[in-house]
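J.: Using full-length UniProt numbering, the first residue of the sequence shown is number 1, and each one after it goes up by one.
Positions of the beta carbon are idealized from the N, C-alpha and C atoms, including for glycine.
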Amino acid sequence: MEGRRGAKSLISWSQPRQTLADAILLLKAARAKAVPSPPPVEEPPPVPAQAPAKRKAEEGEEKEEKKARLWQHEDPPPPKLAGENWESPREKLKLIGELTEEPWTYFLKDESRRSFAAHLANPLGKARSAAWFAKVRMGTKWLQPSTRWGPMPRKTAWMVAQPCSCSYYYGGMEVQPIAYPMWMLELMQEVMPKCGFSDLAEMPDSCNLNLYEDGTQMVGWHADDEDLFQGKSKDIRIISLSLGATRHFELELNWPAPEEVLGAKQQLADGDICTMEGMTQKHYMHRVPEEVPLHTVLAKKDDLTLSDGRRLSGGELLPPEKKEEEEEAEDLLELPDPPPMDARTWKKTFLWQVISIVFVLIVTQLGTWYHEEELRKILANSTAGRGNDSAEL
Ligand SMILES: O=C(O)CCC(=O)C(=O)O
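#1: Helix, strand or coil: how does DSSP classify aspartate 110 here?
#2: Mapping the DSSP letters down to three states, classify aspartate 270 as helix, strand or coil.
#3: Which of the three DSSP states is assigned to histidine 73 in this structure?
#4: Need the endpoints of the beta strand (DSSP E) that arginine 237 sits in, please.
#5: Taking the runs of the alpha helix (DSSP H) that are 4 residues or longer, which of them lie wholly in the stretch 147-232?
#6: May I ask you to check if the CB of valine 292 is nearer than 6 Å to at least one heavy atom of ligand 1?
#7: Give me the Cα-Cα distance between serine 165 and proline 177, rounded to the nearest whole angstrom.
#8: Near glutamine 217, what residues of its chain come up, given a Cβ to Cβ distance below 6 Å and the 5 sequence neighbours on each side ignored?
#9: With a threshold of 6 Å, establish whether the CB of aspartate 224 neighbours any heavy atom of ligand 1.
#10: Using CA coordinates, which residue listed in Leu99, Phe133, Ser115 and Pro78 is at the minimum distance from serine 197?
#11: On the three-state DSSP scale, how would you describe threonine 280?
#12: Given that a residue counts as buried once 16 or more other Cβ atoms are within 10 Å of its Cβ, and exposed if not, what is isoleucine 96?
#13: Take the Cβ of lysine 109 as the centre, count every other Cβ of all protein chains shown within 10 Å, and call the residue buried at 16 or more, exposed below.
#14: To which residues of the same chain is leucine 251 closer than 8 Å at the C-beta, ignoring the five residues directly before and after it?
#15: DSSP on lysine 135, reduced to helix/strand/coil?
#16: Pop quiz: glycine 271 and asparagine 85 are said to be a contact at Cβ under 8 Å. What is the actual Cβ separation, rounded to whole angstroms?
#17: Skipping 5 residues on each side, what residues in its chain have a beta carbon closer than 7 Å to that of serine 115?
#18: Do serine 240 and ligand 1 come close, with the Cβ less than 6 Å from some heavy atom?
#19: Report the option in Asn210, Lys135, Leu93 and Pro151 whose CA atom is closest to the CA atom of methionine 184.
#20: Nearer than 6 Å: is that true of the beta carbon of asparagine 85 relative to any heavy atom of ligand 1?
#21: Please list, in chain order, all residues of the same chain as leucine 124 whose beta carbon is under 6 Å from its beta carbon, the five residues on each side excluded.
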């Protein structure tokens, strides 16, 4: 894990999403450091939800993390806006956990930076979340945009409430919007009350969906700091619902003070809801790391086609097509010997983590919902034609 963290530090912060190129850099750095990865864990132990202040007991571990952190954010730290505090105190910002009776846990509570992240274990129940998993997976036109370095290591879709028509630009890519399907409105009506929003008027008007089809798929360190969301200049709320396999979600500070705890992490299981609130996009990066590092994949001798088209053959990881990045892909093959993986672990890792859908509902401005009338109309129309809509799914 340490090897991976150190290597990750070479990733350029100007590339907000991790691409195959990042993975190559990461692997090259891992090779340079020659720090072997630990063997994969069959069932990762639960990560306790903890606020940084409560993690003092882990100081030894934190020191290790500090040593491993070689990178610095490419921008200089912003000015502190309130004496020793980075942001003015949260007086007006109500936390989602304060808006409902649901048992929310804050695993990041950084009052100085007015940055918060919370977790709510599946409030829908297993049957509902399984039904939603199938519905969202089948009912979404998934895209896998190409980056300069190959296919993005996950699939995605960008949905908006009409008449919104904004594309989502990130990592040098543009994802065209799809109007909220009827099921999205139904899903929000089920999920948003758990976050304290029962009125259509308060519900998010845009949503990013990610599909991670196996344990190698991921999203690298980034912030949802695009202008569209204004999260670097005002308080915003990002709400995500995870469906399917369990993945890890990590947050890390952009400008830590010496000796400061770097971040927080949380396990996200089927049906769990997670938030990032306040100024988190200004002060923290987040990611969903791969559960199976590529160099562990290289240990496997059997043929396998990964969900993004890369082929594993005779222990070699080959790109989907021979392109100019072939040379770098070949570099992957020169990595130090990966730890051995027995067949049972292999099967479990890949088969158990085949599918994980995460979608992020973004409230662009607190309490602002300027499509209420349109949304009511869509809902009324869709309700009238619901038979057809459900049949499609
Ligand atoms: O999949 C997740 O939980 C996080 C997704 C994410 O960070 C994003 O879409 O910006």
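T.: Let's see:
#1: strand
#2: coil
#3: Looking at histidine 73 - three-state DSSP - the assignment turns out to be coil, as it is neither helix nor strand.
#4: 236-244 is the span of the beta strand (DSSP E), which, as asked, contains arginine 237.
#5: 182-191
#6: no
#7: 6 Å
#8: Pro153 and Arg154
#9: yes
#10: In the sequence on display, residue 197 carries phenylalanine and not serine. Phenylalanine 197 has its Cα closest to that of Leu99, out of Leu99, Phe133, Ser115 and Pro78.
#11: helix
#12: buried
#13: buried
#14: Cβ neighbours of leucine 251 beyond the five flanking positions: Leu108, Ala117, Gly263, Ala264, Lys265, Met276, Thr280, Tyr284, Met285 and His286.
#15: helix
#16: Actually they do not touch by this definition, with Cβ atoms about 36 Å apart.
#17: So the list reads Leu108, Gly278, Met279, Thr280, His283 and Tyr284, once near-sequence residues are dropped.
#18: Judged by the Cβ position, serine 240 qualifies as a neighbour of ligand 1 at the 6 Å threshold, a heavy atom of the ligand being closer than this.
#19: Lys135
#20: no
#21: Gly271, listed in sequence order.
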